[in-house]
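Asker: Structure incoming, see below.
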């Protein structure tokens, strides 16, 4: 049996079954980062991710600096999802022989600029040839820290908590579609906005730090939206042992997304629910903390916060609530790295 018989998350579960952490305070596989207790001061966060040409980016459609920025941004987003502070990055490059030095310089310029924005030091890495493969691969390991007692996990949500997101959803998926399909009646400004949400996403590092710093159990669980709202909410509910209700009318959709959806005759909520790569934060909080949390996020970062639903008992499952009051099951249909290659 080859790996095509498995989905990404099935394969991860198979490979990591039985893995043990070294100390009782450590958290290994299953969250956005590994959380490691070295026995002193802050806790250590560790994450890694790969970007593969032809799967995650295209040299023909993405500026080389954007490729570098995105490669680090998706790791920064994992640190943000834990409420942490990024510190050190290790960059490994698998290089095809035909890659031009100008493209590589641009990618590294994007990496350096992104690292400087978030006070992250690039401290090493590795360079290797891809042999006969024509694909460029960028693999990054990122280390960060989080104050003891302030790490936000996927596992803390409880029935009655509010479900919240930062920013708007579906923009990255809409941007990808504009590369794949002709849009004759969309403004250049809308195209640029959505395409940059896809090629150069903004990690919500400051917002994650603000949420982690609140303390008092106000924010109960968090992760970033990398695989799509439906899939990532499913991950959160599985880890927390709960259900969830999502109010469709509350999902934040940007004006450029709505205009592109009309042009392509596509349901914008499909992109918001299942598109992935938005790298917004999805989190749950106690209802009594909503005003404080919203004020802290908007005043100190300027990022909108939207309540999109409520955590339910596990027996309720995951549901979508329509404006007319009827509900339907929410089935996760999100990005799978093994089964959804992109141009």
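Residue numbers (this note's numbering): 993 to 1335. Where is the CB? At the ideal position from N, CA and C, for every residue including glycine.
Of all the CB atoms in chain C, is at least one closer than 8 Å to the CB of residue 1280?
Answerer: The chain inventory of the structure shown lacks chain C, comprising one protein chain alone.
Asker: State the DSSP-derived secondary structure class of residue 1110, mapped to helix, strand or coil.
Answerer: Of the three classes helix, strand and coil, the one that applies to residue 1110 here is coil, per DSSP.
Asker: Please report the distance separating the alpha-carbon of residue 1226 from that of residue 1260.
Answerer: Cα to Cα, the separation comes out at about 20 Å.
Asker: Roughly how many whole angstroms lie between the Cα atoms of residue 1315 and residue 1240?
Answerer: One C-alpha to the other measures close to 7 Å.
Asker: Report the three-state DSSP secondary structure of residue 1093 (helix, strand or coil).
Answerer: Three-state DSSP puts residue 1093 in a helix.
Asker: According to DSSP, is residue 1229 helix, strand or coil?
Answerer: If DSSP states are grouped into helix, strand and coil, residue 1229 belongs with the helices.
Asker: Compare the C-alpha of residue 1132 against each of 1100, 1144, 1154, 1148 and name the closest.
Answerer: The shortest Cα separation from residue 1132 among 1100, 1144, 1154, 1148 belongs to 1100.
Asker: Between the alpha carbons of residue 1265 and residue 1077, how many angstroms are there, rounded?
Answerer: Straight-line Cα distance between these residues: approximately 28 Å.
Asker: Report yes if the C-beta distance between residue 1083 and residue 1039 is below 8 Å; otherwise report no.
Answerer: No. Outside cutoff.
Asker: With C-beta atoms as the reference, is residue 1154 less than 8 Å away from residue 1236?
Answerer: Contact: no.
Asker: Who are the near neighbours of residue 1201 in its chain, counting only those whose CB is closer than 7 Å to its CB and skipping five residues on each side?
Answerer: If we look at residue 1201 and ignore the five residues flanking it on each side, its Cβ neighbours are 1075, 1077.
Asker: Thinking just about the alpha-carbon of each residue, which of 1170, 1176, 1195 is nearest to the one in residue 1185?
Answerer: If we check each option's Cα against that of residue 1185, 1170 comes out closest.
Asker: Shortest alpha-carbon distance to residue 1173 belongs to which of 1053, 1231, 1081, 1110?
Answerer: Closest by alpha carbon: 1053.
Asker: Is the beta carbon of residue 1189 closer than 8 Å to that of residue 1167?
Answerer: In this structure, residue 1189 lies closer than 8 Å to residue 1167 by Cβ.
Asker: For residue 1079, does the three-state DSSP call read helix, strand or coil?
Answerer: Residue state, collapsed to three classes: strand.
Asker: Can you tell me whether residue 1127 is helix, strand or coil according to DSSP?
Answerer: In the structure shown, residue 1127 sits in coil (DSSP, three-state: anything other than H, G, I, E or B).
Asker: Assuming residue 1214 contacts residue 1273 under a Cβ cut-off of 8 Å, what Cβ separation, rounded to an integer in Å, is found between them?
Answerer: Going by Cβ atoms, the distance from residue 1214 to residue 1273 rounds to 6 Å, so yes, they are a contact pair.
Asker: If distances are taken between C-alpha atoms only, which option among 1271, 1136, 1066 comes closest to residue 1157?
Answerer: That would be 1271, whose Cα lies nearest to the Cα of residue 1157.
Asker: Between 1280, 1191, 1106, 1303, which has its C-alpha nearest residue 1081's C-alpha?
Answerer: Minimum Cα distance to residue 1081 is reached at 1106.
Asker: Residue 1117 by DSSP, collapsed to three states: which one?
Answerer: Correct three-state label for residue 1117: strand.
Asker: What does the alpha-carbon distance come out to for the pair residue 1323 and residue 1222?
Answerer: Their Cα atoms are separated by approximately 7 Å.
Asker: Comparing C-alpha positions only, which one of 1118, 1299, 1263 sits nearest to residue 1163?
Answerer: Answer by Cα proximity: 1263.
Asker: Jot down the residue ranges of each uninterrupted beta strand (DSSP E) in the stretch 1236-1317, minimum 3 residues, whole runs only, in chain order.
Answerer: Those beta strand (DSSP E) runs which fall completely within the stretch 1236-1317 and span 3+ residues are 1273-1277, 1297-1304, 1310-1313.
Asker: In chain order, what residues of the same chain lie with their CB nearer than 7 Å to the CB of residue 1125, ignoring the 5 residues before and after it?
Answerer: Correct list, in chain order: 1088.
Asker: Smallest Cα separation from residue 1183: which of 1230, 1253, 1234, 1204?
Answerer: Checking every option, the nearest Cα to that of residue 1183 belongs to 1253.
Asker: Determine whether the beta carbon atoms of residue 1279 and residue 1152 lie at a separation below 8 Å.
Answerer: Contact flag set, yes.
Asker: Do you know offhand how far residue 1142's Cα is from residue 1292's?
Answerer: If I take the Cα positions, the gap works out to 19 Å.
Asker: Using 8 Å as the threshold, is the C-beta distance between residue 1144 and residue 1244 below it?
Answerer: Cβ distance not < 8 Å, so residue 1144 and residue 1244 don't count as in contact.
Asker: Which residues in the same chain as residue 1312 place their Cβ atom closer than 6 Å to its Cβ, once the five residues preceding and following it in sequence are excluded?
Answerer: Excluding positions up to five away in sequence, the list reads 1238, 1240, 1320, 1322.
Asker: Count the other CB atoms within 10 Å of the CB of residue 1196; is the residue buried (16 or more) or exposed (fewer)?
Answerer: The residue is buried, with at least 16 neighbouring Cβ atoms inside 10 Å.
Asker: Tell me whether the beta-carbon of residue 1281 lies closer than 8 Å to the beta-carbon of residue 1210.
Answerer: For residue 1281 and residue 1210, yes; Cβs fall inside 8 Å.
Asker: Distance, Cα to Cα, residue 1016 vs residue 1179?
Answerer: In this prediction, residue 1016 scores a pLDDT of 46, lower than 50, which makes its location untrustworthy; the coordinate-derived value is nonetheless stated afterwards. Answer to the nearest angstrom: the Cα atoms are 54 Å apart.
Asker: Please tell me whether residue 1035 and residue 1146 are closer than 8 Å, where the distance is taken between their beta carbons.
Answerer: No, the pair does not count as a contact, with Cβ atoms beyond the cut-off.
Asker: Exposed or buried, what is residue 1108 when buried is set at 16 or more other beta-carbons lying within 10 Å of its beta-carbon?
Answerer: Result: exposed.
Asker: Measure the C-alpha to C-alpha separation of residue 1094 and residue 1057 and round it to an integer number of angstroms.
Answerer: Their Cα atoms are separated by approximately 11 Å.
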